[in-house]
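For the protein sequence lines, the chains are A and B, in the order given. First residue of the first sequence? That's 13 in the working numbering, and the numbers climb one at a time after it. First residue of the second sequence? That's 39 in the working numbering, and the numbers climb one at a time after it. For every residue, glycine included, the Cβ atom is placed at its ideal position computed from N, Cα and C.
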Amino acid sequence: MRLIMKTTLPESRAPRSLDVEEVELSLLMEGIFQLHGFDFRDYSYPSLKRRVMKRVYGENLTSISALQEKVFRDPACMERLLLDLSVNVTAMFRDPTFYAAFRAQVVPLLRTYPFVRVWHAGCSTGEEVYSIAILLQEEGLYDRCRIYATDMNEPVLDKARKGIIPLASMKENTANYLAGGGAASFSDYYTANYDSAIFHPSLTRNVVFAQHNLAIDGSFNLFNVIFCRNVMIYFNQQLQERVLGLFHESLGTFGILGLGKKESLKYTSFASSYEELNEVERIYRRIR
Amino acid sequence: MIVIGTSLGGLQALQQILRDLPAGFTTPIAAVQHRHRSSQSILAQHLQRSAKVRVRDAENGMPIEKGTLYLAPADYHLMVDDGRFLLSTEDLVRYSRPSIDVLFESAADAYRENLLGIVLTGANDDGSRGAKAIKRRGGTLIVQDPDEAESPVMPLAAIAAAPVDMVMKLAEIGPYLTGCCHLESSEKHG
Numbered sequence: 013m014r015l016i017m018k019t020t021l022p023e024s025r026a027p028r029s030l031d032v033e034e035v036e037l038s039l040l041m042e043g044i045f046q047l048h049g050f051d052f053r054d055y056s057y058p059s060l061k062r063r064v065m066k067r068v069y070g071e072n073l074t075s076i077s078a079l080q081e082k083v084f085r086d087p088a089c090m091e092r093l094l095l096d097l098s099v100n101v102t103a104m105f106r107d108p109t110f111y112a113a114f115r116a117q118v119v120p121l122l123r124t125y126p127f128v129r130v131w132h133a134g135c136s137t138g139e140e141v142y143s144i145a146i147l148l149q150e151e152g153l154y155d156r157c158r159i160y161a162t163d164m165n166e167p168v169l170d171k172a173r174k175g176i177i178p179l180a181s182m183k184e185n186t187a188n189y190l191a192g193g194g195a196a197s198f199s200d201y202y203t204a205n206y207d208s209a210i211f212h213p214s215l216t217r218n219v220v221f222a223q224h225n226l227a228i229d230g231s232f233n234l235f236n237v238i239f240c241r242n243v244m245i246y247f248n249q250q251l252q253e254r255v256l257g258l259f260h261e262s263l264g265t266f267g268i269l270g271l272g273k274k275e276s277l278k279y280t281s282f283a284s285s286y287e288e289l290n291e292v293e294r295i296y297r298r299i300r
Numbered sequence: 039m040i041v042i043g044t045s046l047g048g049l050q051a052l053q054q055i056l057r058d059l060p061a062g063f064t065t066p067i068a069a070v071q072h073r074h075r076s077s078q079s080i081l082a083q084h085l086q087r088s089a090k091v092r093v094r095d096a097e098n099g100m101p102i103e104k105g106t107l108y109l110a111p112a113d114y115h116l117m118v119d120d121g122r123f124l125l126s127t128e129d130l131v132r133y134s135r136p137s138i139d140v141l142f143e144s145a146a147d148a149y150r151e152n153l154l155g156i157v158l159t160g161a162n163d164d165g166s167r168g169a170k171a172i173k174r175r176g177g178t179l180i181v182q183d184p185d186e187a188e189s190p191v192m193p194l195a196a197i198a199a200a201p202v203d204m205v206m207k208l209a210e211i212g213p214y215l216t217g218c219c220h221l222e223s224s225e226k227h228g
């Protein structure tokens, strides 16, 4: 039972000295920032490492340093890494209960406004933008809404702009749509074409797609609603605080902030600036 | 820190271990139990009935506290860093989200030799890469005896992938953990 002696289990926080991979990763991120302006320096270490290692193996390499050499000289490799780093898995009406709650609790508030500005921060390939556009249209609010959908990655944003998603995902999307309180036939919103579904352009007539980097860029308007779902989970605490500061600055009083289902303001310095409109679905309202 | 990974048959296995942990058990535990992506958080409530430690679903940014077992929520990967939990919606890993490998690998990086990993019953090989990472980082690895596991695939895969420290019956794991924990506090006070 000597193993017991060896295994001391500390209560929670482990002191951590730097190791080679951590140094390699921070050098790579610093280099990418200096060369290309993409700032991943304040992303959280575990998921950043996981994504970078995926690219290391994908390029048939064995270390982050080897990847660095390739990425710095081969623009195609840089592009591949950038996609690995920035694409977040998403779905139409992800967490349908969120959308049902939005319909029930937020839509009535929005009806009292003559004009509604929505910011979808970190919209990735746009599935959730189209979801909210459909919801607002069904609630008869779309014509007085403008949705600003931003992401830092231009190729990803371009996908969102085109509104083309794999047909294979439509079964899940349709189920989510119905569970989220969808009132029509989901297939009315898109045209199937081979293995893709193309959303009707009318859904984006009030959507502005624009490049915006949450790590660097500032506030650009005053909004009634901000969505940022499952984006900040990839940021370290410092960057999360920065982004929450940006949202606070960009929301009017009683503005709505929608986060991912397992994200919370509780562990941040903005907890007292918001009230929980829906505790389970993480829909917050700015009160100060 | 203790991390546990399990899949098929894991609910009962976790219940048994939890029943054996005393109320004063302080070391935090993070567990991945494979579950359907639309399943709700009743798993935590269910396990709480067998447990004297607190059981809850992990949230993003949640500080890791003593005397608590945290579960990976459905449809998110669970990771640890710097005394907090992080969640991710990245791709499935080994057809799973949450994935045991993802939790184990991040915990191995964060806690190194201060980590104890446990692989329990399960019908696939998720967890075997994580087991390897734990050993590479100097942590301790326990695997449930495949002979008594409801599904031996996961324990066997871990045993094949990594130099396991101990193969234990379910009934031995709780008392062993309790021994580690008590030893730690007696060292501190003595």
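Item: The stretch 47-77 of chain A: positions lying closer than 8 Å to chain B by Cβ; Value: Ser56, Tyr57, Pro58, Ser59, Lys61, Arg62, Arg63
Item: Under 8 Å (Cβ pairs) to chain B, residues found in the stretch 167-197 of chain A; Value: none
Item: Glutamate 293 of chain A at chain B interface by Cβ criterion, 9 Å; Value: no
Item: Euclidean distance between Cα positions of methionine 204 of chain B and leucine 179 of chain B; Value: 7 Å
Item: Inter-stretch contact (C-beta, 8 Å, three-pair minimum) for the stretch 231-248 of chain A and the stretch 259-268 of chain A; Value: yes
Item: Those runs of the alpha helix (DSSP H) which lie wholly inside the stretch 90-150 of chain A and span at least 4 residues; Value: 108-113, 119-122, 139-150
Item: Cβ pair threonine 44 of chain B, histidine 72 of chain B closer than 9 Å; Value: yes
Item: Beta carbon of leucine 215 of chain A nearer than 9 Å to that of isoleucine 146 of chain A; Value: yes
Item: Cβ-based neighbour list, alanine 82 of chain B, same chain, cut-off 7 Å, excluding 5 preceding and 5 following; Value: Val93, Arg94, Asp95, Leu109
Item: Residues near isoleucine 245 of chain A in its chain [Cβ-Cβ closer than 7 Å; skip 5 each side]; Value: Gly272, Glu275
Item: Interface flag, leucine 124 of chain B vs chain D, CB-CB below 9 Å; Value: The displayed structure is made up of protein chains A and B, and chain D is not among them.
Item: Minimum Cβ-Cβ distance from serine 276 of chain A to chain B less than 9 Å; Value: yes
Item: Closest Cα partner of arginine 63 of chain A within the set B:Arg87, B:Glu143, B:Gly121, B:Thr64; Value: B:Glu143
Item: Simplified DSSP assignment, three categories, for proline 60 of chain B; Value: coil
Item: Endpoints, alpha helix (DSSP H) assigned at proline 58 of chain A; Value: 57-70
Item: Partner residues on chain B for valine 101 of chain A, Cβ-Cβ distance less than 8 Å; Value: Thr127, Glu128, Asp129
Item: Member of A:Asp54, A:Tyr154, A:Val119, A:Phe84 whose CA lies at the smallest distance from the CA of valine 219 of chain A; Value: A:Tyr154
Item: Backbone secondary structure at histidine 115 of chain B - three-state DSSP; Value: strand
Item: Members of the stretch 194-213 of chain B near chain A, C-beta cut-off 8 Å; Value: Asp203, Met204
Item: Cβ of threonine 137 of chain A within 9 Å of any chain B Cβ; Value: no
Item: Pair within 9 Å by beta-carbon distance, isoleucine 67 of chain B and leucine 153 of chain B; Value: no
Item: Chain-ordered chain B contacts of tyrosine 279 of chain A [CB-CB under 9 Å]; Value: Glu97, Asn98, Gly99, Met100, Pro101, Arg122
Item: Chain B residues whose Cβ lies nearer than 7 Å to that of asparagine 242 of chain A; Value: Thr127
Item: Residues that methionine 117 of chain B contacts on chain A, provided the C-beta gap is smaller than 7 Å; Value: Pro58, Ser59
Item: Helix, strand or coil at arginine 150 of chain B [DSSP, three-state]; Value: helix
Item: Three-way DSSP call (helix, strand, coil) for aspartate 203 of chain B in this model; Value: coil
Item: Residues near isoleucine 42 of chain B by beta carbon distance below 6 Å, same chain, minus five either side; Value: Ala69, Ile156
Item: CB of valine 83 of chain A within 9 Å of CB of leucine 93 of chain A, strictly; Value: yes
Item: Neighbour flag for glycine 272 of chain A against chain B, beta carbons, 9 Å; Value: yes
Item: Cβ-based contacts, 8 Å cut-off: residues of the stretch 227-241 of chain A near chain B; Value: none
Item: DSSP three-state assignment for leucine 289 of chain A, whether helix, strand or coil; Value: strand
Item: Any chain A beta carbon closer than 9 Å to glutamate 188 of chain B; Value: no
Item: In DSSP terms, what proline 101 of chain B is bridged to; Value: B:Arg122
Item: Burial state of arginine 294 of chain A (16 or more Cβ within 10 Å); Value: buried
Item: Interface positions of the stretch 128-149 of chain B facing chain A (Cβ-Cβ less than 8 Å), listed along the chain; Value: Glu128, Asp129, Val140, Glu143, Ser144, Asp147, Ala148, Tyr149
Item: Validate contact between the stretch 69-87 of chain A and the stretch 109-119 of chain A using beta carbons, cut 8 Å, 3 pairs; Value: no
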